[in-house]
Amino acid sequence: MTDTPHSPQTAQSQDGAVARFLRATEIDPRLLGMIGALVLIWVAFEAYSTIVLGRPSLLLGAAQAEANGFLTPRNLWNLSVQTAYIGIMATGMVLVIITRNIDLSVGSIMGMVGMYMGLLQISYLTPALGLGHPSIWIITVIFGVAMGALIGAFQGMLIAFLGIPSFIVTLGGLLVWRGAAFLVAGGKTIAPLDENFALIGGGSFGALGRTGSWIFAVIACVFVVWAFVSGRKSRRTHGFALRPVWAETFVIGLVCSVIVGATAVVNSYIWPKGNIEKYYASIGQELPECAKDNDTIYSGVCASFGHGFAYPVLILIAVAIFMTILMTRTRFGRYVFAIGGNPEAAALSGINTRAMTVKIFTLMGGLAGIAAVIGAARQNSATNAMGNLDELYVIAAAVVGGTSLAGGVGTIYGAIIGALILTSLQTGMVLIGFGDGSYQRIVIGIALVFAVWLDIVYRKRIK
Numbered sequence: 003m004t005d006t007p008h009s010p011q012t013a014q015s016q017d018g019a020v021a022r023f024l025r026a027t028e029i030d031p032r033l034l035g036m037i038g039a040l041v042l043i044w045v046a047f048e049a050y051s052t053i054v055l056g057r058p059s060l061l062l063g064a065a066q067a068e069a070n071g072f073l074t075p076r077n078l079w080n081l082s083v084q085t086a087y088i089g090i091m092a093t094g095m096v097l098v099i100i101t102r103n104i105d106l107s108v109g110s111i112m113g114m115v116g117m118y119m120g121l122l123q124i125s126y127l128t129p130a131l132g133l134g135h136p137s138i139w140i141i142t143v144i145f146g147v148a149m150g151a152l153i154g155a156f157q158g159m160l161i162a163f164l165g166i167p168s169f170i171v172t173l174g175g176l177l178v179w180r181g182a183a184f185l186v187a188g189g190k191t192i193a194p195l196d197e198n199f200a201l202i203g204g205g206s207f208g209a210l211g212r213t214g215s216w217i218f219a220v221i222a223c224v225f226v227v228w229a230f231v232s233g234r235k236s237r238r239t240h241g242f243a244l245r246p247v248w249a250e251t252f253v254i255g256l257v258c259s260v261i262v263g264a265t266a267v268v269n270s271y272i273w274p275k276g277n278i279e280k281y282y283a284s285i286g287q288e289l290p291e292c293a294k295d296n297d298t299i300y301s302g303v304c305a306s307f308g309h310g311f312a313y314p315v316l317i318l319i320a321v322a323i324f325m326t327i328l329m330t331r332t333r334f335g336r337y338v339f340a341i342g343g344n345p346e347a348a349a350l351s352g353i354n355t356r357a358m359t360v361k362i363f364t365l366m367g368g369l370a371g372i373a374a375v376i377g378a379a380r381q382n383s384a385t386n387a388m389g390n391l392d393e394l395y396v397i398a399a400a401v402v403g404g405t406s407l408a409g410g411v412g413t414i415y416g417a418i419i420g421a422l423i424l425t426s427l428q429t430g431m432v433l434i435g436f437g438d439g440s441y442q443r444i445v446i447g448i449a450l451v452f453a454v455w456l457d458i459v460y461r462k463r464i465k
């Protein structure tokens, strides 16, 4: 008696409804797991803060609700801003880990670049160009990104051409760049920085505002529709299988719903009273009645002063789009995965693995420079402590987001969700009274080990 092989149609009919749905929509099950973990964390912190700590934010007045709840516009807005610079560096760490390397120096690079940007502004640009000159922030940003990229290229060359393990090179970099950051100003804080530069870090005036955010949401949804339509045409041109129309419609609707929902949340976070006062003073108009009392700040014309998307979040979105295209639509991205899958085979196939290593670490350094720009701008100062231990959070974000330490596997969106998960844990613990960094590190460490264990289990199951 011989076995009769099942046809694809028979195998598909035997799958469950969930499996058929995931296959049709091409949604990554690991993505659903990460989103489920994120939602669980948010709900748990909200329940703890409202039930255990007696902070029923939905039953309190508007001002009290904003101060106490986890799932409030203010907290979620701050959460998005705090996630931005970790998420930016995590997108680069994905490439590093995929190619079976590691970078322990990104936090120190961030700190040193921040200090040198502060020194550049205070000691050179401001005296030469004048206080508040519009080109100061532009020169500073270019300098910071270029400096980070050069440091990354230097480390990449040591790894690629001298054969020193990336762990050792970047561990040395962690110590060297942190020490260099201290020597810049003898451990002193460099402040204040240029006002226009400070807007990059977010804040009431460092955001798109309500109208600008809705325009951004419309443009984003149009881009999503265009991307799916273009992708469908490309599949048809190359003879690839097409997703059902209902599946693509569902995914487009889901993504646009998330965009609209996020926009509504960030627009619901109203400017504080002091910022509204500054705004009306700057335009020379009388302060409206709603801005004279914290209890009425959410009514009348004051309700139109929503923060909207902060500039760091927009930078993160731009970096995520660029990195996704780089990883999925270019030869560079294919080479990255090829090196991670089998470095020897990649070299034998003609890929210049040394040059690729230098490029990857240069990109990682540049992203650390962007993170330094956001960090220094948000603090409106440059401190030696900036970026301290952030390399661990960046690595953890990439791993929690599904990047395999064995190499060859990783996604940009996963790293960003991983960064959001870790930042949510940090913010939530502060909110419920566990602000001590020791508790936060314990939880992050447990989350990292748990994520690696899940990756091991997942890899065993798909083999």
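Mapping of the sequence shown onto this note's numbering: residues 3 to 465, in sequence order. Glycine included, each C-beta is placed from N, C-alpha and C at the ideal position.
- Task: Please find out if some non-hydrogen atom of the ligand FMN comes closer than 7 Å to the beta-carbon of Gly389.
- Result: Judged by which ligands are present, the structure shown has none, so any question about the ligand FMN falls away.
- Item | Contiguous alpha helix (DSSP H) assignments of at least 4 residues, all confined to the region 174-211 | 197-200
- Item | DSSP beta-bridge partners of Ala312 | Ala209
- Query: Taking the DSSP output, what are the residues bridged to Ile272?
  - Reply: Gly308
- Beta-carbon proximity of Ala209 to His309, cut-off 8 Å: yes
- Task: Excluding the 5 residues preceding and the 5 following Pro7 in the sequence, name in chain order all residues of the same chain whose CB lies nearer than 7 Å to its CB.
- Result: Its pLDDT being 46, under 50, Pro7 is placed unreliably by the model, and the measurement read from it follows with that caveat. Same-chain partners within the cutoff: there are none.
- So, helix, strand or coil for Ala357, using DSSP? helix
- Item | Contact the region 223-240 vs the region 267-286: 3+ CB pairs below 8 Å | no
- Given a threshold of 16 other Cβ atoms within 10 Å of its Cβ, counted over all protein chains shown, does Gly377 qualify as buried or as exposed? buried
- Query: Do the region 452-462 and the region 401-408 meet, that is, are 3 or more Cβ pairs less than 8 Å apart?
  - Reply: yes
- Query: Among the residues of its own chain, which have a CB less than 6 Å from the CB of Val83, if the five just before and after it don't count?
  - Reply: Gly204, Ala312, Pro314
- Message: Quick check on Ala408: does DSSP put it in helix, strand or coil?
- Response: coil
- Distance, Pro345 Cα to Ser351 Cα: 10 Å
- Among the residues of its own chain, which have a CB less than 7 Å from the CB of Glu48, if the five just before and after it don't count? Gly71, Phe72, Leu73
- Grab the span of the alpha helix (DSSP H) containing Asn390 for me, first residue to last. Asn390 -> no alpha helix (DSSP H), and no H or E assigned at all.
- With Glu48 as the anchor, note down where its alpha helix (DSSP H) starts and where it stops. 31-49
- Cβ-based neighbour list, Phe156, same chain, cut-off 7 Å, excluding 5 preceding and 5 following: none
- Task: Can you tell me which of Gly263, Val231, Val262 puts its alpha carbon nearest to the alpha carbon of Thr251?
- Result: Val231
- Residue range of the unbroken alpha helix (DSSP H) whose run includes Arg245: Taken as a continuous stretch (DSSP letters only), Arg245 belongs to no alpha helix (DSSP H), as it is neither H nor E.
- Task: May I ask which residues mark the beginning and end of the alpha helix (DSSP H) holding Gly435?
- Result: Counting along the chain, Gly435 falls outside any alpha helix (DSSP H), and DSSP gives it neither H nor E.
- How big is the Cα-Cα spacing for Phe207 and Ala349? 50 Å
- Are the beta-carbon atoms of Ile397 and Leu427 separated by less than 8 Å? no
- What separation, rounded to the nearest whole angstrom, lies between the Cα atoms of Ala483 and Val96? Limits of the chain in this structure are 3 at one end and 465 at the other, which puts residue 483 out of reach.
- Query: With a CB to CB cut of under 8 Å and the five nearest residues on each side skipped, what residues in its chain are close to Asn198?
  - Reply: Gly134, Pro136, Ile138, Trp139
- Query: Applying the criterion that 16 or more other CB atoms from any shown protein chain within 10 Å of the CB defines a buried residue, is Pro75 buried or exposed?
  - Reply: buried
- Can you list, in chain order, the residues of its chain whose CB lies under 8 Å from that of Ala322, leaving out five sequence neighbours each side? Gly89, Thr93, Ile414, Tyr415, Ile418
- Classification of Gln16 by the beta-carbon crowding that lies within 10 angstroms, buried from 16 upward: Here Gln16 scores only 48 on pLDDT, less than 50, and its place in the model should not be relied on; the value that follows carries that caveat. Classification of Gln16: exposed, given that the 10 Å Cβ count is below 16.
- Whose C-beta lies closer than 8 Å to the C-beta of Gln14 among residues of the same chain, with five residues either side of it excluded? Residue placement at Gln14 is poorly supported in this model, since its pLDDT is 48, which falls under 50; the coordinates are not used for a value here.
- Query: When the Cα of Gly158 is compared with those of Ala357, Gln442, Asn390, which residue comes out closest?
  - Reply: Ala357
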